[in-house]
Every structure is written in C-alpha cells, then in structure tokens.
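full-length UniProt numbering puts the first residue of the sequence shown at 1, with every later residue one more than the last. Right, one structure below, let's go through it.
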Amino acid sequence: MQVTLRRARQANRIIKLGLKFNDKVGEGRRVEVIPCVCYNCQEVDARHIATNCPNETTCLGCGGNHNHRTCGNYDRHTYYCKNCDMRGDHGPGSKDCPKYQEARMRIEAKVPGNGNEYYEDTDEGEEAEEVEEDEWETERSGGETGERTQMGITATAPIDKQWRKKEKRRKQRESKKARDGTDGGSSTEETDDDEMEDSEEPRSEKQKTFTQLTLSNETRLRDANGGNLGNFSWATDVERQQEESDAARHGWRKAGTVNDNNSTNGSEKQ
C-alpha cells in the first residue's frame, strides 16, 4: 500500500517507527523510482511491458530465445547481454548492466535522493511546526515530552449507502404523522430491520383483492321511496349482490338469482 504525506518529516517517522493498522504494525520504506524493464524481452527503458511485448522472449541469463525457467545453462562465462552487447559478464536481466546503470542515473538526476532510505528535510519552519504538534499530541496522551509515539490509523465502519433512502422514508413518516394528528389510528413505526428489507428487492406476495358491491336498481328505487322496503332484508340483498358479482366475474349465473333487468321465477335459459 502506498501512502502519500505532505511533509518529509512525517514520511521519515513512518519509515522509522512503522504504521499501525488497528493491532498490526506495517513497515515503511521510501518509494524508489527504477527504470522500466520489459520482463519478456529484457529491454531497458522500454516503452512497453511484458503483457504487450512485440519482441521474442529472452532469457535472463544466457540471453537465448527461451524462458529463463527452462534454461539449463548456469555458466556465467557464457552469458550474453543484448542490451550492452557484452558476453561472459552478466545477463540481460542483471542490475549491473551499464545500460541499466545509465538509465538509473538519468532518473536520479530528475528525482534527487532517489534510492536513499529517508527523505531530506528542507524546510526548518515545517520542522518547528511539527515539533509543536508532537508536543501537543504528547500532552494530550499524558506522556512525557519527546516520547516516541507510534502513528496509527483506525479503521472505520463501512459506510451505509442506504442512508439517503432511510432518511427520506423517516421524513415521510413524520410528515404523515403530523397530517394525521392524534386520530386514534393504529400506525406502527418501521424498525431498522424493516428499512433493510425495504432496501432489498421486493418480495413477490399475492396482493389481496377486494370486491366492491354496488346497489342494484331495485334497491335504489326502494331507498328513493322513503325507506319503505317491506320485507326487504339487508343480509339477503348483500348475499344476492355477492352472487351476482361472482357470476359476472366467472361468466356464470346461478339458477334462481334475480337479474336487474329481467327477473325470472325459474332457472334462466342458457
């Protein structure tokens, strides 16, 4: 893992003491810039890598056209480096190759201190400011001034990506509660488990269907006559209308039922 810091003193402190992640301490080192080498053809300062190399495979040792894992030549006096065109000294994958050393010197000219163990502190003002911050941290922790403290990073809990939806549903419930007031309705608040279920895919449940009964023409006429219904029974009329509704839904009619337009005493003709 690569960590970028603002000041050289902070980076040097991590290199000396390490970096703590919860209960584990990791070692720190300075990032070193090295020449780009293709590990397929062993070309130094190459503009490609092994995955898209257009050249043939070159052995790290003898310089032959084969992989170094299958090479059986262990005699260094027969090695050949195609980068510097030298034989008997080193192979094309050696760090002692003059071509590799030249590429390394060009990088060090652009990046001062490349390859050193620590970074160079250049700003004395930043160093004095760092000392004040260290003293403040030591006083806050209750230790002595100058005590070597270990830098640490504490891992936080995973971020809840559903918090926007949960907050929106909570505001909707509050606004609905404010509109309804205290009407005595039985409204149950959703729990966190319900919110988690809402964030998941909706379950395929069978929806409940309700049948709305409409009054027939005969019943409407009876209501218009001032409530003089005679031997009319609400239970009988509701049952009859339920049967008519079922018959209309399923495409059949029960014998003996009364139709709104034409009523018969016997079974209807099919």
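Positions of the beta carbon are idealized from the N, C-alpha and C atoms, including for glycine. Being a predicted model, the structure only gives us computed values, none of them experimental.
Taking the alpha carbon of residue i as the point to measure from, which residue in the options has its own alpha carbon closest?
{"i": "T4", "options": "K24, V31, N22, K16", "result": "V31"}
{"i": "G63", "options": "C53, N40, P54, A50", "result": "N40"}
{"i": "Y74", "options": "R170, G88, V238", "result": "G88"}
{"i": "E43", "options": "R76, N65, K82", "result": "K82"}
{"i": "R76", "options": "N65, G91, E239, L17", "result": "G91"}
{"i": "residue 277", "options": "D85, K177, K110, V111", "result": "The structure shown has nothing for residue 277, since the chain only spans 1 to 270."}
How many whole angstroms separate the CB atoms of residue i and residue j, which I take to be in contact at a CB cut-off of 8 Å?
{"i": "L60", "j": "G26", "result": "Rounded, the Cβ-Cβ distance is 31 Å, inconsistent with contact."}
{"i": "R9", "j": "D96", "result": "Incorrect: roughly 35 Å between the Cβ atoms, too far for contact."}
{"i": "S15", "j": "R6", "result": "Strictly speaking, residue 15 in this sequence is Ile, with Ser absent from that position. That pair is no contact at about 15 Å."}
{"i": "H66", "j": "T57", "result": "6 Å"}
{"i": "N12", "j": "Y119", "result": "6 Å"}
Return the first residue and the last residue of the alpha helix (DSSP H) that residue i is part of.
{"i": "K16", "result": "8-17"}
Note the first and the last residue of the continuous beta strand (DSSP E) segment covering residue i.
{"i": "V25", "result": "24-26"}
For residue i, verify whether its CB is less than 7 Å away from any heavy atom of the ligand MG.
{"i": "N116", "result": "Ligands in the displayed structure: none, and consequently the ligand MG is not present."}
Say whether the stretch 22-38 touches the stretch 97-107, bearing in mind that this needs 3 or more beta-carbon pairs closer than 8 Å, one atom from each stretch.
yes
What are the uninterrupted segments assigned as alpha helix (DSSP H) that are 4 or more residues long and contained completely in the stretch 77-123, given in chain order?
98-110
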